[in-house]
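Visitor:
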Amino acid sequence: MFETTIVGSLPKPFWLAETNRLWPQWRWEGDQLRRAQRDAVTVMVALQERAGIDVVTDGEMGRRHFVHGFLERIEGVDFSRLVRDFIRDGRYQADLPTVVAPVRRSAPVHVDDVRHLRASTQRPIKLTIPGPMTMVDTLHDEAYGDRRTLAFALAEIVNQEILDLVEAGLDVVQLDEPAFNVYLDEVEEWGIAALDRALAGVRCRTAVHVCYGYGIEANIAWKQSLGAVWDHYRRVLPALESSRVDELSIECAGSCVPIELLGLVKKKRVAVGAVDVASDRVETPEEVVDTVRRVLEYVPRERIALSTNCGMAPMERSLAEAKLATLGAGAVLARVRFD
Ligand code: ZN
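With the working numbering, the residue at position 271 of the sequence shown is 271, and numbering never jumps.
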């Protein structure tokens with residue numbers, strides 16, 4: 001009951017990359033970089049195990065950014081042609097690689113990462129992959145001319161990748177779709193269909209993460225502009241109910257999401273964001289219990305997992321560790337309290 005996991009990323013160690021950045025520079029290159037990334041995964045697994053996290057990730061040590069880390073290995077995406085543009089409906093600017101030709105996966109992207117993670121822990125392992133809509137929104141397209149068509153091309157690649165990852169021992173795959181909370185019409189028009197294409201025939205547990213973003217300034221300002229009630233899930237959750245995904249990873253802690261919206265989730269598992277990543281205040285385990293108590297009014301306990309609101313990549317390491325500890329301790333307390 002109340003299985004724990006994290007959304008995916010953890011802060012990179014100072015000896016691996018720049019800290020507190022969303023697009024950090026690596027401190028090494030080539031083989032040395034790969035060795036440093038492997039060592040970092042060992043540390044990140046240990047941190048999660050120590051905190052009592054049940055389903056562990058590699059902390060995304062192998063990628064600079066949660067979207068571009070995957071796309072860097074996809075043919076047709078040119079990282080030498082970066083175009084500065086607004087993403088997430090104008091929320092903030094980023095340097096976007098250009099799609100110059102049909103996208104193609106000539107080799108597996110994360111199979112070695114999954115093998116390494118599999119060998120690093122006895123616990124169930126999860127890997128995150130950016131969802132098709134979020135990838136489209138983090139690219140500059142000069143080849144397809146249509147977001148939906150590009151999304152389906154990417155979904156096909158993601159699907160091939162996931163099938164290989166499951167073969168390599170993956171227990172849970174999570175597609176990250178923060179763009180779902182931005183483009184509500186597109187979610188209904190083609191976002192869910194693209195997600196389902198990516199998950200076709202997948203024989204491990206599948207999850208999708210839809211959130212209000214990392215704790216970076218642009219997101220915090222955006223959240224403040226959303227008013228007292230964040231209602232996006234009212235459309236997103238019913239749409240996801242009809243998808244083939246097993247688990248919905250959503251933001252709940254310290255946010256203005258009305259908790260009763262979880263009542264819209266009738267069948268899926270819910271990975272409840274029980275610690276906030278956009279605040280430097282470390283929650284107490286009692287606060288995690290309180291979040292569980294509120295969620296239990298709308299979702300039966302057997303469908304509830306506990307997670308973070310979002311990834312912790314740009315966060316201060318000590319803060320991330322403290323929040324992991326809170327999550328683990330809160331879950332222990334909740335199991336006793338609601339037994
Ligand atoms: Zn997120």
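Glycine included, every Cβ here is placed at the ideal spot set by N, Cα and C.
#1: Is there at least one non-hydrogen atom of the ligand ZN closer than 6 Å to the beta-carbon of residue 256?
#2: Are residue 125 and residue 164 close, meaning C-beta to C-beta below 7 Å?
#3: Would you mind reading off the limits of the beta strand (DSSP E) that contains residue 366?
#4: Any heavy atom of the ligand ZN inside 6 Å of the beta-carbon of residue 178?
#5: With respect to the beta strand (DSSP E) encompassing residue 275, which residues constitute its N-terminal and C-terminal limits?
#6: Could you pull out every residue in the same chain whose Cβ sits closer than 6 Å to the Cβ of residue 313, ignoring the five residues on either side in sequence?
#7: Are the beta-carbon atoms belonging to residue 179 and residue 137 less than 7 Å from one another?
#8: What does residue 307 pair with, by DSSP beta-bridge criteria?
#9: DSSP puts residue 126 in a beta bridge; with which residues?
#10: Compare the C-beta of residue 100 against all C-beta atoms of chain B and say whether one is closer than 7 Å.
#11: For the beta strand (DSSP E) containing residue 249, name the first residue and the last one.
#12: List the whole-angstrom C-beta distance separating residue 244 from residue 289, where the pair is believed to meet the contact cut-off of C-beta under 8 Å.
#13: Opposite residue 56 in the DSSP bridges: which residues?
#14: Rounded to a whole number of angstroms, what is the C-alpha to C-alpha distance between residue 240 and residue 210?
#15: Grouping DSSP H, G and I as helix and E and B as strand, with all else coil, what is residue 140?
#16: Excluding the 5 residues preceding and the 5 following residue 408 in the sequence, name in chain order all residues of the same chain whose CB lies nearer than 8 Å to its CB.
#17: Decide yes or no for the touch test of the segment 67-84 against the segment 99-106: beta carbon pairs closer than 8 Å, at least 3 of them.
#18: Give me the Cα-Cα distance between residue 259 and residue 305, rounded to the nearest whole angstrom.
#19: Given 6 Å as the limit, tell me if residue 211 has its C-beta closer than that to any heavy atom belonging to the ligand ZN.
#20: Check the C-beta distance from residue 46 over to residue 324 and give it rounded, since I have them as a contact under 8 Å.
#21: Thinking C-alpha only, which one of 319, 17, 144 is nearest residue 284?
#22: Out of 226, 70, 316, 303, state which residue places its alpha-carbon closest to the alpha-carbon of residue 263.
#23: Quick one: Cα of residue 71 to Cα of residue 113, how far?
#24: Considering only the alpha carbon of each residue, which of 255, 213, 117 lies closest to residue 92?
#25: Looking at residue 58: is its Cβ nearer than 7 Å to the Cβ of residue 4?
#26: Using three-state DSSP, classify residue 233 as helix, strand or coil.
#27: What residues match up with residue 31 in a beta bridge as DSSP calls it?
#28: Comparing the CB of residue 252 with every heavy atom of the ligand ZN, is any distance shorter than 6 Å?
#29: Leaving aside the five residues before and after residue 280 along the sequence, list all residues of the same chain whose C-beta is less than 7 Å from its C-beta, in chain order.
#30: On the premise that residue 226 lies in contact with residue 265, defined as a C-beta separation below 8 Å, what is that separation, rounded to the nearest angstrom?
#31: State the CB to CB distance for the pair residue 358 and residue 130, rounded to an integer number of angstroms; the pair is presumed to be in contact (CB under 8 Å).
#32: Using 7 Å as the threshold, is the C-beta distance between residue 107 and residue 159 below it?
#33: Sort 168, 115, 298 by Cα distance to residue 41 and report the nearest one.
#34: Who are the Cβ neighbours of residue 166 in its own chain at under 8 Å, not counting the five residues just before and after it?
#35: Can you give the Cα-Cα distance for residue 88 and residue 221, rounded to whole angstroms?
#36: Tell me which residues share the same chain as residue 28 and place their Cβ nearer than 6 Å to its Cβ, disregarding the 5 neighbours each side in the sequence.
Guide: Well, looking at it:
#1: no
#2: no
#3: Residue 366 lies beyond the range of the chain shown here (1 to 339); nothing can be said about it.
#4: yes
#5: 269-275
#6: 9
#7: yes
#8: 273
#9: 172
#10: Among the chains of the structure shown, chain B does not appear; only one protein chain is present.
#11: 247-250
#12: Residue 244 to residue 289, Cβ: 32 Å. No contact.
#13: 125
#14: 10 Å
#15: strand
#16: Lying before the first or after the last residue shown, residue 408 is absent from the chain, which here runs from 1 to 339.
#17: yes
#18: 15 Å
#19: yes
#20: With 8 Å as the limit, residue 46 and residue 324 do not qualify as a contact, their Cβ atoms being about 11 Å apart.
#21: 319
#22: 303
#23: 15 Å
#24: 213
#25: no
#26: helix
#27: According to DSSP, residue 31 bridges with nothing at all.
#28: no
#29: 319
#30: Not really, about 21 Å apart at Cβ, beyond 8 Å.
#31: Only positions 1 to 339 of the chain appear in this structure, which leaves residue 358 out of reach.
#32: no
#33: 115
#34: 173, 202, 203, 204
#35: 13 Å
#36: 36
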